[in-house]
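See structure below.
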Amino acid sequence: MLANNIIATLVLGLAATVSAANNKANEYKSGDCSGSLNYGHTGVKLATVTMDDSSHSVYLATGATYGPWLAYEGKTSNGGSCTGAYLGDLPGECVNLDTHFSGRRIRCVAKTLV
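In mature numbering (1 follows the signal peptide of the UniProt record, and there is no 0), the protein residues as written are -20 to -1, 1 to 94.
Take a look at the structure:
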């Protein structure tokens, strides 16, 4: 019984560690990351995410393998790559795609290798 509890605790701890190491860019239709998820993106190697035109905010989390999220004004297509002007580095957590950079919409986010 004790061995089963120890194994269960180790498995849960490992799952939490793996989840925390993932990069995340979860898109929402709202401007403040509230409500239902529009599109979810997560993974250790997640490095480029194009924003859907119906999304108005993105929740960003940084894993252990890459530097900060970077914002770009353009995208080649949904699921494509970032193009156009580099707008700047993004803070973690919720970012409004329409208003974070005055007068310029974020259409793509990307990570840099550290």
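Note that the Cβ used here is the ideal one computed from N, Cα and C, for glycine as well.
Separation of the CB atoms of E73 and S35 is rounded to 16 Å, and the pair is thereby denied contact status at 8 Å. The DSSP-derived three-state label of A51 is strand. Between L77 and N2, the alpha-carbon positions lie close to 22 Å from each other. Residues of the same chain with a CB within less than 8 Å of the CB of Y19, apart from the 5 flanking positions on each side, are N6, E7, D32, S35 in chain order. In the DSSP assignment, V89 forms a beta bridge with V29, A51.
With respect to the 8 Å criterion, K9 and A41 are not classified as neighbours on the basis of their beta carbons.
Excluding five sequence positions before and after S57, the CB atoms of its chain that fall closer than 8 Å to its own CB belong to T30, given in chain order.
For T63, the enclosing beta strand (DSSP E) begins and ends at 62 to 70. The residue from G68, L17, L26 with its alpha-carbon nearest to that of R84 is G68.
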